[in-house]
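All remarks here apply to the structure that follows.
Numbering (my numbering), first residue to last: 187 to 973.
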């Protein structure tokens with residue numbers, strides 16, 4: 187695949203089976219409710235075809251060699267539902283197939299401003315017959331249940347053609363893989379036919395998942411816009427519906443039609459009712475027409491770009507990648523209300539379609555800058571799962587709420603206790619997210635209805651999970667947990683977990699003070715216990731090394747032999763036994779460094795520098811979450827070149843398939859990490875106690891960056907050049923901010939322009955051992971070993 191650096195389109199100019207899976211992810215369309223992978227219109231060849239409905243899953247019993255008490259019983263896997271995109275073409279008896287005949291021209295563009303996947307193909311069949319095919323595909327950002335395809339065919343000479351527009355229900359998952367990131371496979375009979383109907387140019391199929399009882403209705407209508415004399419038939423039965431058109435296409439007389447698609451589903455839904463809803467949606471789509479749906483796409487995205495666009499001068503590839511990231515983050519969350527945001531959105535079934543802590547810590551901060559209403563929807567969904575989290579806590583012998591490590595509906599789906607269930611920090615991550623949303627928006631209703639109850643229940647969890655250790659002078663300890671670094675498991679006093687728990691406890695105390703103990707049903711003894719735990723929280727440190735410790739025993743472990751690890755052995759989880767990984771000093775993704783990002787005031791400048799230098803040498807970045815975090819601290823400590831390299835690593839991770847699993851779906855957290863690397867890294871944006879500050883600085887390669895920033899009902903525009911930064915209040919009441927510690931009062935009357943201080947003269951960070959730093963690599967090649 188050849189990716190052009192058009193700032194407003196992601197382009198493919200060569201189709202190759204080697205890159206087909208990655209291409210299908212990169213060219214995926216979604217609206218957060220419905221997602222369609224970027225497969226070719228004819229449906230074959232396809233690497234990992236997929237059409238997904240957010241929250242529509244199948245259940246499977248988790249296999250255990252030895253199941254322990256309270257281990258989860260069932261997994262949930264996002265299911266590939268009926269595919270409505272397939273339009274097969276037969277030219278003079280020969281099927282259109284890019285692997286046969288001759289592809290004279292091929293181009294697909296994912297237009298970031300119009301939300302369309304546009305295809306242009308000139309193909310010569312093995313017998314020498316030439317056709318030109320143009321298609322436009324959308325998944326509506328305005329009407330969540332609708333998708334549509336405009337299909338236009340021209341011929342160089344009179345050609346007899348047959349078009350089969352289909353609904354096909356073929357469960358084709360990624361298959362069971364040794365790579366845990368890929369997701370598990372699905373059985374071919376996972377979807378059971380419940381209804382199949384057709385009438386005129388319209389057909390409809392209804393299926394139900396065998397175990398979980400999710401009922402899915404999918405309908406299509408094929409509306410002719412231009413056609414020579416033709417014959418059409420339609421049929422629907424079981425798992426296939428087909429509208430067939432046969433005609434002779436002549437030069438200057440194109441065949442053109444629009445395929446409207448509608449998707450409805452419900453757990454335990456009535457097939458007849460869902461079929462009726464689908465018919466109504468198709469009526470609506472046909473009444474609107476394709477161009478009206480396209481206008482709706484453009485209007486929705488115009489609103490996004492007015493509030494989210496990042497401008498970057500000096501690196502066209504990164505400019506393109508940032509806009510692509512913003513587009514994908516928006517389209518995968520736009521209509522997700524009432525459901526989770528999966529780690530890969532609806533671009534693939536990787537990680538089984540589960541949502542993790544990635545959402546609260548990496549995605550939502552970026553969305554808060556530009557589309558805070560999406561953040562509210564995501565957090566309201568998370569809060570709706572509070573009863574399931576409370577039930578999980580009780581099964582574990584704990585109080586309060588224990589949110590799941592991975593889930594689709596709120597039930598725990600992790601069958602691996604050491605790196606999954608034991609990662610209790612997810613609870614503090616969610617508490618941090620609801621607190622931050624309130625601080626950034628001032629949404630008092632959300633604070634009262636969502637934030638306060640979540641804070642109370644998560645505080646109860648920490649109070650019951652930890653204890654006051656007399657061996658440590660009564661310090662509050664949280665033992666046997668796993669922090670963000672999943673290569674160090676079941677550790678005592680993971681610093682990130684403890685720091686986040688401390689903030690969680692204090693935020694819960696503040697919530698009780700705002701709304702009263704009676705309203706939140708909290709006893710005086712509970713509040714006192716929370717305060718004592720927060721005040722006496724344990725934070726391990728090694729005085730000899732002069733660094734804060736990721737956990738109490740981290741420095742005692744044997745250093746990992748980085749020199750012996752070959753580039754192809756990364757990620758280590760695919761080539762080194764966990765038994766060996768867990769015994770050594772090797773960090774999968776930033777852990778203590780992430781703690782410094784989350785709560786920068788908890789560390790002195792010297793602590794940050796020593797900590798970053800120490801852990802940078804040990805962090806292998808076997809996770810797509812890593813680079814964006816590294817960029818923020820590198821920039822704060824003055825190494826803007828390293829920050830820029832990490833920014834590029836995050837932004838380009840999917841474009842160059844650096845993690846070697848983009849084919850199973852995009853890494854939304856990495857896309858968000860690239861944006862965070864710009865705003866919080868190079869822009870130095872920080873939010874502390876309701877105050878906003880910036881410490882911007884650019885690397886030599888960039889001459890300017892500019893971005894909007896939504897905060898407390900205001901919208902700012904920040905523009906950074908090599909020597910100065912400007913701040914303009916675009917909307918809202920006056921706001922005081924800080925620029926490199928200097929207070930600035932912004933109002934609508936003028937733009938504040940301030941100089942940027944010279945960069946520090948300290949030597950840049952270099953790893954003394956292990957892998958080389960994350961230098962940007964074009965075309966997906968690694969320096970020492972890329973993700």
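All C-beta atoms in this analysis are idealised placements derived from N, C-alpha and C, irrespective of residue type, glycine included.
**Asked** Would residue 910 be called buried (16 or more neighbouring beta carbons within 10 Å of its own) or exposed?
**Response** exposed
**Item:** Whole-angstrom distance between residue 253 and residue 430, CA atom to CA atom
**Value:** 52 Å
**Item:** Given residue 400 as reference, the closest of 449, 423, 407 and 353 once Cα atoms are compared
**Value:** 449
**Prompt:** At which residues does the beta strand (DSSP E) containing residue 408 begin and terminate?
**Reply:** 400 to 412
**Span of the beta strand (DSSP E), counted from its first residue to its last, around residue 530** = Unbroken run through residue 530: none, as it is neither H nor E.
**Asked** Grouping DSSP H, G and I as helix and E and B as strand, with all else coil, what is residue 199?
**Response** coil
**Item:** Identity of the residue in 865, 934 and 942 nearest residue 498 by Cα
**Value:** 865
**Request:** For residue 625, count neighbouring Cβ atoms within 10 angstroms of its own Cβ and tell me buried if that reaches 16, exposed if not.
**Result:** buried
**Asked** Residues bridged to residue 878 by DSSP?
**Response** 873 and 923
**Item:** Three-state secondary structure (DSSP) of residue 991
**Value:** Nothing about residue 991 can be reported from this structure: the residues present for the chain run from 187 to 973 only.
**Asked** Ordered along the chain, which non-local residues of its own chain (more than five positions away) have a Cβ less than 7 Å from that of residue 628?
**Response** 898 and 899
**Through-space distance from residue 421 to residue 277, alpha-carbon basis** = 21 Å
**Message:** Between the alpha carbons of residue 197 and residue 294, how many angstroms are there, rounded?
**Reply:** 6 Å
**Request:** Assign residue 874 to one of two classes, buried (16 or more other C-beta atoms within 10 Å of its C-beta) or exposed (fewer than that).
**Result:** exposed
**Request:** Answer yes or no: do residue 425 and residue 351 have a C-beta to C-beta separation smaller than 8 Å?
**Result:** no
**Asked** Taking buried to mean at least 16 other C-beta atoms within 10 Å of its own C-beta, is residue 236 buried or exposed?
**Response** buried
**Asked** Is residue 953 helix, strand or coil when you go by DSSP?
**Response** The predicted position of residue 953 is uncertain, since its pLDDT is 47 and thus under 50; a value taken from the coordinates is nonetheless stated next. DSSP places residue 953 in coil when its eight states are reduced to three.
**Prompt:** Between which two residues does the alpha helix (DSSP H) containing residue 688 stretch?
**Reply:** 681 to 701
**Item:** Rounded separation between residue 542 and residue 593 - CA only
**Value:** 7 Å
**Prompt:** Can you tell me where the alpha helix (DSSP H) with residue 469 in it begins and where it stops?
**Reply:** 457 to 474
**Prompt:** Is it buried or exposed for residue 880, if we count other Cβ within 10 angstroms and need 16 for buried?
**Reply:** buried
**Request:** Evaluate residue 945 with the Cβ neighbour count: other Cβ atoms within 10 Å of its Cβ, from every protein chain shown; 16 or more gives buried, anything less gives exposed.
**Result:** exposed
**Whole-number beta carbon distance between residue 673 and residue 530, since they are thought to touch under 8 Å** = Residue 530 to residue 673, Cβ: 22 Å. No contact.
**Message:** What does the alpha-carbon distance come out to for the pair residue 597 and residue 616?
**Reply:** 16 Å
**Asked** On the premise that residue 852 lies in contact with residue 211, defined as a C-beta separation below 8 Å, what is that separation, rounded to the nearest angstrom?
**Response** 5 Å
**Prompt:** I think residue 666 touches residue 676, with their Cβ atoms under 8 Å apart; what is that distance to the nearest whole Å?
**Reply:** 5 Å
**6 Å CB neighbourhood of residue 925 in its chain, flanking five on each side removed** = 880 and 940
**Item:** Distance, residue 689 Cα to residue 758 Cα
**Value:** 33 Å
**Prompt:** Hey, which unbroken runs of the beta strand (DSSP E) at 3 residues or more fall wholly within the segment 310 to 363?
**Reply:** 316 to 325, 332 to 341 and 345 to 354
**Asked** From residue 538 to residue 263, what does the alpha carbon distance come to, in whole angstroms?
**Response** 5 Å
**Message:** Just to confirm my understanding: we take residue 191, look at its own chain, exclude 5 residues before and 5 after, and list those with CB closer than 6 Å. What are they?
**Reply:** 502, 503 and 506
**Message:** Please classify residue 228 as buried or exposed, where buried requires at least 16 neighbouring CB atoms within 10 angstroms.
**Reply:** buried
**Request:** Find the nearest neighbour of residue 407 within the set 393, 727, 465 and 451, judged by alpha-carbon distance.
**Result:** 465
**Request:** Look at the Cβ atom of residue 436, then the Cβ atom of residue 334, and state whether they are nearer than 8 Å.
**Result:** no
**Message:** Would you call the segment 830 to 837 in contact with the segment 854 to 863, where contact means no fewer than 3 C-beta pairs closer than 8 Å?
**Reply:** yes
**Request:** Give me the Cα-Cα distance between residue 510 and residue 469, rounded to the nearest whole angstrom.
**Result:** 33 Å
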